Each structure stands twice: as C-alpha cells, then as structure tokens.
Amino acid sequence: MKTYISAWPASVECPPFPRRLAILGATGSIGDSALKVVAKHPERFTVTALAGGRNGQKLARLCNRFKPRYAAVLDDAARREYFAYVEDGCPTELFVGPDAYVRLAALDDMDLVLSSIVGAAGFEPTLAAAEAGKMIGLANKESLVLGGHLIRAACKASGAVILPVDSEHNALFQGLAGHGSDDELKRLILTASGGPFRGRDRAFLETVTREQALAHPNWSMGAKISIDSATLMNKGLELIEACHLYGLPPDMVDVVVHPQSIVHSLVEYVDGSQLAHLGNPDMQVPIAHCLCYPERVTVDVPRLNLATVGTLTFEEPDLDAFPCLRLAREAFDAGPSHPIALNAVNEIAVDAFLKERIGFTDIPAMIETGLDRHVPVDVSTPEAVLALDDEVRRETRARL
Numbered sequence: 001m002k003t004y005i006s007a008w009p010a011s012v013e014c015p016p017f018p019r020r021l022a023i024l025g026a027t028g029s030i031g032d033s034a035l036k037v038v039a040k041h042p043e044r045f046t047v048t049a050l051a052g053g054r055n056g057q058k059l060a061r062l063c064n065r066f067k068p069r070y071a072a073v074l075d076d077a078a079r080r081e082y083f084a085y086v087e088d089g090c091p092t093e094l095f096v097g098p099d100a101y102v103r104l105a106a107l108d109d110m111d112l113v114l115s116s117i118v119g120a121a122g123f124e125p126t127l128a129a130a131e132a133g134k135m136i137g138l139a140n141k142e143s144l145v146l147g148g149h150l151i152r153a154a155c156k157a158s159g160a161v162i163l164p165v166d167s168e169h170n171a172l173f174q175g176l177a178g179h180g181s182d183d184e185l186k187r188l189i190l191t192a193s194g195g196p197f198r199g200r201d202r203a204f205l206e207t208v209t210r211e212q213a214l215a216h217p218n219w220s221m222g223a224k225i226s227i228d229s230a231t232l233m234n235k236g237l238e239l240i241e242a243c244h245l246y247g248l249p250p251d252m253v254d255v256v257v258h259p260q261s262i263v264h265s266l267v268e269y270v271d272g273s274q275l276a277h278l279g280n281p282d283m284q285v286p287i288a289h290c291l292c293y294p295e296r297v298t299v300d301v302p303r304l305n306l307a308t309v310g311t312l313t314f315e316e317p318d319l320d321a322f323p324c325l326r327l328a329r330e331a332f333d334a335g336p337s338h339p340i341a342l343n344a345v346n347e348i349a350v351d352a353f354l355k356e357r358i359g360f361t362d363i364p365a366m367i368e369t370g371l372d373r374h375v376p377v378d379v380s381t382p383e384a385v386l387a388l389d390d391e392v393r394r395e396t397r398a399r400l
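Here the sequence shown is numbered in the UniProt record's numbering, starting from 1 and rising by one per residue.
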C-alpha cells in the first residue's frame, strides 16, 4: 500500500500515556464525543489545548472543567464571551485570531491533535500539525480535499501520522491493518446511509426544506455535515479523502448505500473476500480507537446486536438524483485544483441553503457550474491552495 499516512500498526510510533491532547473543534459534535472518551479514561489523557471557534461560552465551560494549558477562539466577540464565563483562577492561556488554531496545532507540548474543525478552515491547522510531526486524529476531511498532496508530503518529511476519525475511514483503516502488499488489495468500499432523502426523486428534492435536510436518520451531526450527507457530497468528499489517505486512484474506491449505518465500510481483496467493520452509529467508537491507538478501550455506547437489527440492506447510489458524488469523483480525476474549487463552491452553497437563499437542488447545480468554469491552476504551495479557495468563494458569492 503506497501511503505516507499510516495504515499499518508497525509504521506508527505512538506517544505514551497519558497523551497530551489538543482538540481543535472542541465545541462541536466531534469535540463532545471526544471529551466523553477523555472523561471515561482520564488516566490516559492530559487535555492540553481546546479550540472553540466562535463559541466562547461553551469553550469557557470546558476550560473550567478540564483546565487545559491553552485555548483558542477565532475573534474578539468570542474572546469577550469566553472571559464572561471562564472562572477566576482558570490556568488557561487564550489565543485569539485566525492563526490561533495553527499555533495550537504545532506547539511542542502536544502529542496528539484531534482536528475536527468544520470545512476548509481545518486545512492550515492540520498541515501545521503534520509539519510538526504530530500524531493527528483527522475528523476534518476537507483538509485532504484541499491539500492532501501537501499533507502527505509533510507527513513523509516529519514522520507525522494521521489516524482517520471519520467512521468510514476508520473502518477502512482497521480492515487494511496487517495486509500491506500492493497486489493484495482490490478496492475500498465506503458505505453511505443515503441521508434523509434516499429513494426520493428530483421533483421531491426540489421541495426540500432546511429542517428536512437537517434531520439525518442515523447520526447526530452539525448543520454543514448534515446537509452534505443529504446531498451525498459528504460521501464525495470522503471518496477524495480515501484516495489521499491510502494513495489510491478513484477507480479503486467505490460507494454503496447502506441505510442502517451498521457496516461502516469494507475492504475487498483480490481473493474476493471483503473485511467489514460493524458497529452502532456512534462517533465515540472511532474517536476512541484513534485517541488510544493501538489499544482499545471501553466506551459508553450500546452494544451491537445483529439479531435485533435483523436486516442489513445495500443498494447503488442514485447519481441522477444526487449528482454530488459524481461531481466529487470527476473533480479528483481532473487534477489537484478542482477539488479545492468543488469544496469552496459547496461550502458557500450549503451556507446559502441553510440561510434559505437557495433551494436544495441548487447546491449541486452551483457546484457543477463552478467546476465547469474552473481553469486548473498550480496549487503546489499552501499559499496557492488558500488563494484559490478564497477566489472561488468570492466568485461564487457574487453569483448568488
């Protein structure tokens, strides 16, 4: 397997316990689940840094409880809110501003960085952690969508290791473990729930409301990823992520719709066998696997009982009704700058839909238009990646 991002236990040098942990995106759903794991196994972690974006109130309460050495927010409004709720005597040093996450990710007194920021904002901190040689639990797929080529190179140069937190990629990681020969692997199979509109036609999708799209049937997630799941763009981004994580072309990564979300992904080998990872849909499981890797620990989630589940079903994705998956595959095939354009347009379109400025089916239409207009550019540096991301966002906003 041609990869600089770990797929085999022998290639990972894991920091000892207790691990000094930074959680970037501590106030989101991934942060909530991660801190549940930390609270259950406090002897294994020192919470050294928490970053909370613009949610100063929640971040302050987390700092009151876990007392990290560092914290970060993105702007002065969040800073003021943080200081309104943080307790006197809390030892935490607060960083403020767009570069705060980058500073936290690269600090010397940090062993393990959980990157769970939403969207393209996760790229720079993840790259900084990779350049600093950290062990990274990656829950921000957009980091690799924007700059997987740069992050892979940084991992190779620094010895950094990325462990995939997304349930699908964590399942692939476990299915690949112990099988390191390039000629053994046939393909990776990502599973998708199908979202709240599985089986619906385009006419229905044109009527979808914000509230309907946010109601995911299986997972509790933030607004942006919930909409991505409803359009199947989340699975398109995961396809690109898998190609970068495991050094594979897109024709070796398939997607199958599995409404029950019990099988989290599968690895197929040349002998026809498929190794599947099964479990109830709860993010504490893959998070704990990465935070405590290579050890396994108990988590407070319901045990899987297949007799109770009864039936597991699988079907092909409907690419006519949900073209985002096709667009993501085409973008990866087109070259390294196209996924950046894809992601930038998608983030602007999703935000516009959440603000009820556009309809649900306008999201893939805007993405396809953006990709058709995109002229490939050199994105061999982080500055070029960020410049293109900014340019596409400005152009997309202007067309709204």
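The beta-carbon is built from N, C-alpha and C at its ideal position, and this holds for glycine as well.
Bear in mind that the values here come from a model prediction, so they are computed numbers and not experimental data.
Buried versus exposed, by CB contacts within 10 Å (16 or more), Tyr4: Against the sequence shown, residue 4 aligns to sequence position 4. Unreliable placement is indicated for Tyr4, whose pLDDT of 37 sits below 50; no coordinate value is reported for it.
DSSP state of Ile117, grouped into three classes? Position 117 of the sequence shown holds residue 117. The answer is coil: DSSP assigns Ile117 none of H, G, I, E or B.
Where Phe332 sits in the DSSP three-state scheme: In the sequence shown, counting from the first residue as 1, residue 332 sits at position 332. In the structure shown, Phe332 sits in a helix (DSSP, three-state: H, G or I).
Using CA coordinates, which residue listed in His179, Cys290, Ser273 and His374 is at the minimum distance from Pro336? Counted from its first residue, the sequence shown places residue 336 at position 336. Of His179, Cys290, Ser273 and His374, the residue nearest in Cα terms is His374.
Note down the Cα distance separating Pro68 from Tyr293, rounded to an integer number of angstroms. On the sequence shown, residue 68 is found 68 positions in, with the first residue counted as 1. On the sequence shown, residue 293 is found 293 positions in, with the first residue counted as 1. Going from the Cα of Pro68 to the Cα of Tyr293 covers about 22 Å.
Smallest Cα separation from His41: which of Glu184, Ala288 and Val161? Here residue 41 corresponds to residue number 41 of the sequence shown, with the count starting at 1. Closest by alpha carbon: Ala288.
Between which two residues does the beta strand (DSSP E) containing Ser265 stretch? Position 265 of the sequence shown, counting from 1, holds the residue named residue 265. Taken as a continuous stretch (DSSP letters only), the beta strand (DSSP E) holding Ser265 covers Val263 to Tyr269.
Helix, strand or coil for Ala71, going by three-state DSSP, please let me know. Here residue 71 refers to the residue found at position 71 of the sequence shown. Of the three classes helix, strand and coil, the one that applies to Ala71 here is strand, per DSSP.
DSSP on Gln274, reduced to helix/strand/coil? For the purposes of this step, residue 274 is taken as residue 274 along the sequence shown, with counting starting at 1. Looking at Gln274 - three-state DSSP - the assignment turns out to be strand.
If distances are taken between C-alpha atoms only, which option among Thr298, Leu306, Val257 and Val270 comes closest to Leu278? The sequence position of residue 278 within the sequence shown is 278, counting from 1. Selected option, being the one with the closest Cα: Leu306.
Three or more C-beta pairs closer than 8 Å, one from the region 262-272 and one from the region 221-230: is that the case here? no
According to DSSP, simplified to helix, strand and coil, what is Phe83? Within the sequence shown, numbered from 1, the residue matching residue 83 stands at position 83. Here Phe83 sits in helix by DSSP.
Does the distance from the C-beta atom of Val385 to that of Phe123 stay below 8 Å? As a position in the sequence shown, residue 385 is number 385, starting the count at 1. As a position in the sequence shown, residue 123 is number 123, starting the count at 1. Contact: yes.
Ignore the nearest five residues each way along the sequence and tell me which others in Lys186's own chain have a CB closer than 6 Å to its CB. Translated into positions along the sequence shown, residue 186 becomes position 186. Around Lys186: Glu268, Tyr269 and Val270.
Rounded to a whole number of angstroms, what is the C-alpha to C-alpha distance between Val379 and Gly359? Locating residue 379 in the sequence shown gives position 379, counting from the first residue. Locating residue 359 in the sequence shown gives position 359, counting from the first residue. Between Val379 and Gly359, the C-alpha separation is close to 32 Å.
Which residue marks the beginning of the beta strand (DSSP E) containing Val47, and which one marks its end? To locate residue 47, count along the sequence shown from 1; it is residue 47. Here the beta strand (DSSP E) through Val47 covers Phe45 to Ala51.
To the nearest angstrom, report how far apart Cys63 and Ala120 are at their CA atoms. By one-based count along the sequence shown, residue 63 stands at place 63. By one-based count along the sequence shown, residue 120 stands at place 120. So the alpha carbons of these two residues sit roughly 26 Å apart.
Relative to the alpha-carbon of residue 406, which residue among Ile23, Glu368 and Leu319 has its alpha-carbon at the smallest distance? Since the first residue of the chain shown is 1 and the last is 400, residue 406 is not available in this structure.
Between the Cα of Thr48 and the Cα atoms of His338, Thr381 and Leu21, which residue gives the shortest distance? Within the sequence shown, the letter at position 48 stands for residue 48. It is Leu21.
Supposed contact pair Leu112 and Lys134 - C-beta distance, whole angstroms, cut 8 Å: Indexing the sequence shown from 1 puts residue 134 at position 134. Indexing the sequence shown from 1 puts residue 112 at position 112. Correct: roughly 7 Å between the Cβ atoms.
May I ask you to report which of helix, strand or coil DSSP gives Thr191? One-based indexing of the sequence shown puts residue 191 at position 191. Of the three classes helix, strand and coil, the one that applies to Thr191 here is strand, per DSSP.
First and last residue of the beta strand (DSSP E) that includes Val297? As a first step, residue 297 must be located in the sequence shown, where it is residue number 297. That residue, Val297, is in no beta strand (DSSP E); it is neither H nor E in DSSP.
If I measure Cβ to Cβ from Ala77 and keep anything under 8 Å in the same chain, skipping five residues before and after, which residues do I get? The residue given as residue 77 occupies position 77 in the sequence shown. Excluding positions up to five away in sequence, the list reads Arg54 and Gly56.
Tell me whether Gly25 is buried or exposed, calling it buried when 16 or more other Cβ atoms sit within 10 Å of its Cβ. Indexing the sequence shown from 1 puts residue 25 at position 25. Gly25 is buried by the Cβ-count criterion.
Backbone secondary structure at Leu237 - three-state DSSP: On the sequence shown, residue 237 is found 237 positions in, with the first residue counted as 1. Correct three-state label for Leu237: helix.
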